[in-house]
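S.K.: After the structure tokens below, expect a handful of questions from me.
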Amino acid sequence: MTGARARSNLIGAHARTLSADWTRRGATLAVERALEAGFDLIEVPAPTEGELSAEDTRRLLDSTGLAVSVSLALRPEQDINSTDDGRCRAGEDALGAAVQFAASVGARYVGGVTFSKLARYDRMPSVEARANSIHVLQRVARRAAADGIELGVEYVNRYESNLLNTAVQTVAFLDELAAPNVGLHLDTYHANSEDPSLRAAVTTAGSRLKYIHAAENHRGALGTGSLDWDGLFAALREHDYLGPITFESFSPAVVSEAMAIEVGLWRSEWEDVQVTATAARRFLAGLLASGPEVSYERTIGAS
Ligand code: MN
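Quick note on my numbering: the sequence shown kicks off at 9 and runs consecutively.
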């Protein structure tokens, strides 16, 4: 098969890009903004105390036509990349709760920093901590598989985990983990810091690539930084990537101070949610629609 193929990547937005939290008010605002910007999918961080239940979330999303994915980043007290039994248990509980929430809201994917805490480590990686992470994820994956849910492992830069910082490391980790419903979650901000190129990250991930966070090198508005978006999308086409591509960018104008501190958001790259989100969706849709050099390569390859 050569020539133009119908593409079906869902274009998503992270809920925290759109509003501060998943309370009734925050969730309603996020959904309204996602719809107005024309997104297909909303990524909902697994809710915490005081936020909407799975049932209320499903009710809110039901009539919108929005697809939903779920994410989480393990907290220090939930670090499964550790030799502390209590932390490993707390991490397994958090992952299990996220899977249960996903199943209840009709999501098919739970991704994020699921393999480690999201924080700078004060120690070298260890074989024992890594093995704990793998064993916990194997158990969570078995439960997720029963609900038809895939898990994603989102490797992050060296300042936010000591375990997985590159696509090569993540593929090796997934090979060891050996669960068919666990895949690679590529965040372009992190990959840009640690991989040879975005194109190389996609090639390394191959068919394991399940989900993408589209984030600029400065984590601001898409297309205003130095990322090689054309190279990324050429690679996605070469590898027939058909999964979601989700815009992730945070602004102090939107998120809570606690979250800003957590992700190191010390300055504002943008203020207007609707303008930024709409531009991001158009930017990603434009990239998906372009790319003649790839069909040329595919034509040669198929002849
Ligand atoms: Mn991300």
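All C-beta atoms in this analysis are idealised placements derived from N, C-alpha and C, irrespective of residue type, glycine included.
Look at the alpha carbon of Ala266 and the alpha carbon of Thr25, and state the distance between them as a whole number of angstroms.
M.R.: Roughly 15 Å separates the two Cα atoms.
S.K.: Which residues in the same chain have their Cβ closer than 7 Å to the Cβ of Ala23, if we skip the five residues on either side of it in sequence?
M.R.: Only Trp30, Ala38, Ile50, Glu51, Val52, Pro53 meet the Cβ criterion.
S.K.: Between Pro204, Val135, Leu250, which lies nearest to Lys218 when the distance is taken from Cα to Cα?
M.R.: The shortest Cα separation from Lys218 among Pro204, Val135, Leu250 belongs to Leu250.
S.K.: With Glu162 and Asp195 assumed to form a contact (beta carbons below 8 Å), what rounded beta-carbon distance in angstroms separates them?
M.R.: With 8 Å as the limit, Glu162 and Asp195 qualify as a contact, their Cβ atoms being about 6 Å apart.
S.K.: Classify Ile88 as helix, strand or coil using the three-state DSSP reduction.
M.R.: Residue state, collapsed to three classes: coil.
S.K.: Here's the rule: buried if 16 or more other CB atoms are within 10 angstroms of the residue's CB, otherwise exposed. What is Ser264?
M.R.: Result: exposed.
S.K.: Of the choices Gln108, Arg166, Cys96, Ser298, whose alpha-carbon is the least far from that of Val144?
M.R.: Among Gln108, Arg166, Cys96, Ser298, the Cα nearest to that of Val144 is on Cys96.
S.K.: Using a threshold of 7 Å, is the CB atom of His221 nearer than that to any non-hydrogen atom of the ligand MN?
M.R.: Within the cutoff, so yes.
S.K.: According to DSSP, is Val148 part of a helix, a strand, or is it coil?
M.R.: Of the three classes helix, strand and coil, the one that applies to Val148 here is helix, per DSSP.
S.K.: Is it the case that the CB of Glu270 approaches a heavy atom of the ligand MN more closely than 7 Å?
M.R.: For the ligand MN, not one heavy atom lies less than 7 Å from the Cβ of Glu270.
S.K.: Report back the beta-carbon spacing between Gly119 and Gly94 to the nearest angstrom; my notes put them in contact at under 8 Å.
M.R.: Actually they do not touch by this definition, with Cβ atoms about 25 Å apart.
S.K.: Out of curiosity, what's the CA-to-CA distance linking Leu74 and Gly114?
M.R.: Straight-line Cα distance between these residues: approximately 11 Å.
S.K.: Only counting runs of 4 or more residues, tell me where the alpha helix (DSSP H) segments fall wholly within the region 156-197, in order along the chain.
M.R.: Correct list: 175-185.
S.K.: Who does Leu49 pair with in a DSSP beta bridge?
M.R.: Partner(s): Gly20, Ala75.
S.K.: Output the boundary residues of the alpha helix (DSSP H) element that contains Leu295.
M.R.: Taken as a continuous stretch (DSSP letters only), the alpha helix (DSSP H) holding Leu295 covers 281-297.
S.K.: Tell me whether Phe181 is buried or exposed, calling it buried when 16 or more other Cβ atoms sit within 10 Å of its Cβ.
M.R.: Buried is the call here.
S.K.: Closer than 7 Å to a non-hydrogen atom of the ligand MN - does that hold for the CB of Glu256?
M.R.: Yes, since a heavy atom of the ligand MN falls inside the 7 Å radius drawn around the Cβ of Glu256.
S.K.: Using DSSP with H/G/I as helix, E/B as strand and the rest coil, what is Val135?
M.R.: Reduced to three states, the DSSP call for Val135 is helix.
S.K.: Fully enclosed by the region 204-278, which alpha helix (DSSP H) runs are 4 residues long or longer?
M.R.: Those alpha helix (DSSP H) runs which fall completely within the region 204-278 and span 4+ residues are 206-213, 237-246, 265-270.
S.K.: Would Leu126 and Ala187 qualify as a contact pair, given that the criterion is a beta-carbon distance under 8 Å?
M.R.: Cβ distance not < 8 Å, so Leu126 and Ala187 don't count as in contact.
S.K.: Taking only the alpha-carbon atoms, compute the straight-line gap between Pro252 and His198 and give it to the nearest angstrom.
M.R.: Rounded to whole angstroms, Pro252 to His198 spans 17 Å at the Cα level.
S.K.: How big is the Cα-Cα spacing for Leu103 and Ser169?
M.R.: Approximately 17 Å between the Cα atoms of the pair.
S.K.: So, Phe109 versus Ala175, is the Cβ gap smaller than 8 Å?
M.R.: Their beta carbons are not under 8 Å apart, which means Phe109 does not touch Ala175 by this criterion.
S.K.: Find out if the Cβ-Cβ distance for the pair Val179, Arg216 is shorter than 8 Å.
M.R.: Yes.
S.K.: Roughly how many angstroms separate the alpha carbons of Ser298 and Leu18, rounded to a whole number?
M.R.: Looking at the two C-alpha atoms, the distance is approximately 16 Å.
S.K.: Distance, Cα to Cα, Pro260 vs Asp64?
M.R.: Taking the straight line from one Cα to the other gives about 27 Å.
S.K.: Going by the C-beta, is Glu265 closer than 7 Å to any heavy atom of the ligand MN?
M.R.: No, since every heavy atom of the ligand MN falls outside the 7 Å radius drawn around the Cβ of Glu265.
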